[in-house]
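**Student:** Going down the list, the sequences are from chains X and Y.
Under this note's numbering, the residue at position 63 of the first sequence is numbered 732, and the numbers go up by one with no gaps.
Under this note's numbering, the residue at position 96 of the second sequence is numbered 765, and the numbers go up by one with no gaps.
First the structure, which I've put down as structure tokens, then a few questions once you've had a look.
2 protein chains.
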Amino acid sequence: MSSQAVTLADVAVEAGVHPSTVSRVLSRPQLIGEPTRTAVHAAIHKLVYTPNRAARQLAGGRVGAIGVLVPDITNPFFAHVVRSVQQGCRRNGLTMLLADTDQREADELSEARALAGSVDGFVVCSPVAATQQWLQVVGTAPLVFVNRRANGVASVALDQQAIIELGVTHLRAAGHRSIAVVRGPHSYWSSRERDRVVRRLPGLVTYGPVRPDFEAGIALATDLMRSNVTGVLAFNDVQALGIVAGYRAAGRSVPRDLSVVGSDDIADAAMSDPPLTTVAAPVQQLGDAAFDLLARLLAGAIERPEITLPVTLTVRASTLGRSSTSSTNSIATKGNHR
Amino acid sequence: MSSQAVTLADVAVEAGVHPSTVSRVLSRPQLIGEPTRTAVHAAIHKLVYTPNRAARQLAGGRVGAIGVLVPDITNPFFAHVVRSVQQGCRRNGLTMLLADTDQREADELSEARALAGSVDGFVVCSPVAATQQWLQVVGTAPLVFVNRRANGVASVALDQQAIIELGVTHLRAAGHRSIAVVRGPHSYWSSRERDRVVRRLPGLVTYGPVRPDFEAGIALATDLMRSNVTGVLAFNDVQALGIVAGYRAAGRSVPRDLSVVGSDDIADAAMSDPPLTTVAAPVQQLGDAAFDLLARLLAGAIERPEITLPVTLTVRASTLGRSSTSSTNSIATKGNHR
DNA sequence: CAGGTCGGTGCAAGCGCTTGCACGATGCCG
DNA sequence: CGGCATCGTGCAAGCGCTTGCACCGACCTG
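Given below as structure tokens:
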């Protein structure tokens, strides 16, 4: 296994102590006398000793690793979450095992099963499998859901109601009367949650479920063009950009022919043509909160908080009033993410 | 650790055989007789047995995991590479340990060191640390570099010369006479490689080194506006989009005031305003090739091929001839990645 | 039909580390 | 000044798995 030559025993010899002493210096330093501790540390540095994770785990200690599952790492939304989780890991000397489930439910659980036993806990983004299944797979290992609330599971999610309300209110305020909300895949908690909100709001047209990707957005554009919808709240930014692209390809214009509101505020939203009005998600916070939650559970916390993060509306040029309002278009607004 | 209750020994009891037999069924099935094998498999399924990775590794077998290091996972270019590597992992029942080095050289090696001994091999994207250091850190573990060629290390990289030539030739053909090439960080192999190519090409202005991100692109725009440059080849798409944004923010227009060519052809390139002309990198192939290479090394191959992948020019609307040429703008061209 | 082969399985020795326990050496108390 | 906490360290038993080796019976060959 690589250069893994130097073991704890080597360090022990070098420092002239028993292996167990070295082990203790590493795990519970306060148990060891000052002089010995120093000597051991010196030996560790001299030999460039790196503990063998497998052995450590096998002996019953912590693994020092967490598993992160995402439906699609190329989706910037998840990439950001992953990144801030990873930063948390680095700060705490943990390793991150990442699996991309490719949005397939079966893979989600099988990946988790493969990882269980190799990690101390899980952060799972937008899980689709049933909560029961998850609890069964992870057993007693701490589990944090991102972007899905579930009974008995710690989670950090976006305020889905606010997403719908901010988007719709903005469109209404701009004078739109025929407003569509695009539903996401029913397997997503966020999608189901939004459906619930939409149902309570009068006068909305719904489309979908439509996959939250660019291609699906393009396809959806065709349907939208055939309708009398003038304002649409997409399921996320990537899909929204697809709608825009679909319109552009058909010679139509956003926002002239259709006002589009996205959701997430990924970097592309500010760079697209036109810049996308969107309900901004605090991605960095999402990841940070998820890691914190997991870290706390790992440390022995027993509550399972269900954190809801607020969202904000970022108005750009993809929405336009039916009457005459002018639109904002500034790269300065981009500052709010990251 | 989690629900990890059922061990190989349990399976052995259930199947009425010796633990070692179960082990062999899993690792070298052909050694075991058909009837026994079936019985063991039945027991495995019945008990929902999942091998303990740590124990397996400790016992000297394969770890069944590879380490992947990227400078920035939120960069779509790397996200795609990671994703196709991950797909390779899934197909081969491997686990992927991912670390985001945040573009810091120190973190690169320390992450690698932490991972060494927990993985069978490494895929390292755009490494900045010296080859010597890398070889030392990974020891005898297989190592594959992505986007950097190095003596004695298997690698898969893009044809940097073609990137420069395609970009510059395109700009020249459009009638530009004052063309700038933006240099990337000197720590990048790709950047140094491009510098070498640029040096051989007459009449080019260089800028930078400039960080390959959006903000740096915006900042660079200011410099560009003060010059008489009319065409620029950015270090990558994200930076290019930054340049475009910088121009827009200053009330200037791309491509009217400046033709911009990016590099990578990330999804955003097709969605931006204006859609970005760019030298397209075969990201999927990059990841696939990297995984294949590593898999082959893992399987015992001894050659260390240095694969160079070809790039192609995707013309969109961010470049314009100084005379009168018309520009392309079609979402159809997006089809070439993924 | 005996001796040799060989496929199939059991056996046991670890891999590197953690940790409960035992034990020697201090230092304190009465 | 002796006995007893107390602190610091050594000891050894595994954690769950792989693997070289030994072994046994069935098969093949002459």
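Think of the CB as a built atom: it goes at the ideal place given N, C-alpha and C, for glycine as much as any other residue.
Note that this is a predicted model, so its numbers are computed, not measured.
So residue 823/X packs on residue 955/X, CB below 8 Å; how close in whole Å?
**Tutor:** The Cβ separation is near 13 Å, so there is no contact.
**Student:** Check whether the segment 857-866 of chain X touches the segment 906-921 of chain X, counting contact only when three or more Cβ pairs, one atom from each stretch, lie closer than 8 Å.
**Tutor:** Result no; under three Cβ-Cβ pairs closer than 8 Å.
**Student:** Can residue 929/X and residue 964/X be called in contact, C-beta distance under 8 Å?
**Tutor:** For residue 929/X and residue 964/X, no; Cβs fall outside 8 Å.
**Student:** Against chain X, does residue 946/Y count as a neighbour if the rule is that its beta carbon must be under 8 Å from one of theirs?
**Tutor:** No, residue 946/Y does not count as interfacial toward chain X.
**Student:** So which residues of chain X does residue 987/Y contact, with C-beta pairs closer than 9 Å?
**Tutor:** In chain order: nothing, as chain X lies at least about 11 Å away.
**Student:** Any idea what DSSP makes of residue 933/Y, helix, strand or coil?
**Tutor:** Correct three-state label for residue 933/Y: strand.
**Student:** Which residues share a DSSP beta bridge with residue 1041/Y?
**Tutor:** The requested residue 1041/Y is not part of the displayed model; chain Y covers only 670 to 1007.
**Student:** Check the Cβ-Cβ distances between residue 745/Y and every residue of chain X, and say whether any is below 8 Å.
**Tutor:** Yes, its Cβ sits closer than 8 Å to a Cβ of chain X.
**Student:** If you run the structure through DSSP and keep just helix, strand and coil, what is residue 717/X?
**Tutor:** Residue 717/X: coil per DSSP, three-state reduction.
**Student:** Mind listing, in chain order, the continuous alpha helix (DSSP H) runs of no fewer than 4 residues lying wholly within the segment 708-774 of chain X?
**Tutor:** Runs of the alpha helix (DSSP H) inside the segment 708-774 of chain X: 722-727, 745-760.
**Student:** Label residue 704/Y either buried or exposed according to how many other C-beta atoms from any shown protein chain fall within 10 Å of its C-beta, with 16 as the threshold for buried.
**Tutor:** With fewer than 16 Cβ atoms within 10 Å of its Cβ, residue 704/Y is classed as exposed.
**Student:** Which residues of chain X have a Cβ atom closer than 8 Å to the Cβ of residue 742/Y, listed in chain order?
**Tutor:** Within 8 Å Cβ-Cβ: 742, 748, 751, 752, 755.
**Student:** What are the residues that DSSP puts in a beta bridge with residue 814/X?
**Tutor:** Note: residue 814/X sits in a beta bridge opposite 793/X, 824/X.
**Student:** So, for residue 890/X: in the same chain, excluding its five sequence neighbours on each side, which residues have a beta-carbon less than 6 Å away from its beta-carbon?
**Tutor:** The answer, listed in chain order, is 912, 915, 916.
**Student:** Can the beta-carbon of residue 764/X be found closer than 8 Å to that of residue 808/X?
**Tutor:** Cβ distance not < 8 Å, so residue 764/X and residue 808/X don't count as in contact.
**Student:** Helix, strand or coil: which one does DSSP assign to residue 948/Y?
**Tutor:** Correct three-state label for residue 948/Y: strand.
**Student:** Does residue 786/Y come within less than 8 Å of chain X when only Cβ atoms are used?
**Tutor:** Chain X contact via Cβ: present.
**Student:** When DSSP builds the beta bridges, which residues end up paired with residue 819/X?
**Tutor:** DSSP, once it has assigned bridges, lists 822/X as partnering residue 819/X.
**Student:** Taking the DSSP output, what are the residues bridged to residue 696/X?
**Tutor:** In DSSP, residue 696/X forms no bridge with anything.
**Student:** Could you say if the segment 788-799 of chain Y and the segment 930-949 of chain Y meet the contact criterion of at least three C-beta pairs nearer than 8 Å?
**Tutor:** Too few Cβ pairs lie closer than 8 Å, so no.
**Student:** So what's residue 975/Y in DSSP terms, helix, strand or just coil?
**Tutor:** Strand, per DSSP.
**Student:** Report the rounded CA-to-CA distance for residue 851/X versus residue 967/Y, giving the unit in angstroms.
**Tutor:** Those two C-alpha atoms are separated by around 46 Å.
**Student:** At what residues does the beta strand (DSSP E) containing residue 873/X begin and finish?
**Tutor:** First-last of the beta strand (DSSP E) with residue 873/X: 873-876.
**Student:** For residue 801/X, would you say it is in contact with chain Y, using Cβ-to-Cβ distances shorter than 8 Å as the test?
**Tutor:** Output row for residue 801/X: interface = no.
**Student:** In whole angstroms, what separates the C-alpha of residue 819/Y from that of residue 795/Y?
**Tutor:** Roughly 11 Å between the two C-alpha positions.
**Student:** In terms of residue numbering, what span does the beta strand (DSSP E) encompassing residue 982/X cover?
**Tutor:** Where residue 982/X is concerned, the enclosing beta strand (DSSP E) stretches over 981-983.
**Student:** Which residue wins for smallest C-alpha separation from residue 973/Y, given the options 691/Y, 814/Y, 683/Y, 744/Y?
**Tutor:** It is 814/Y.
**Student:** What would DSSP say about residue 689/Y, mapped onto helix, strand or coil?
**Tutor:** It is helical.
**Student:** With 16 as the cutoff for other CB atoms within 10 Å, does residue 838/Y come out buried or exposed?
**Tutor:** With fewer than 16 other Cβ atoms within 10 Å, it is exposed.
**Student:** Please list, in chain order, all residues of the same chain as residue 806/X whose beta carbon is under 7 Å from its beta carbon, the five residues on each side excluded.
**Tutor:** The answer, listed in chain order, is 778, 781, 782, 785.
**Student:** Any beta-carbon of chain Y closer than 8 Å to the one on residue 772/X?
**Tutor:** No, residue 772/X does not count as interfacial toward chain Y.
**Student:** Going along the segment 693-723 of chain Y in order, which residues come within less than 8 Å of chain X, judged by CB to CB distance?
**Tutor:** Listed in sequence order: 719, 721, 722, 723.
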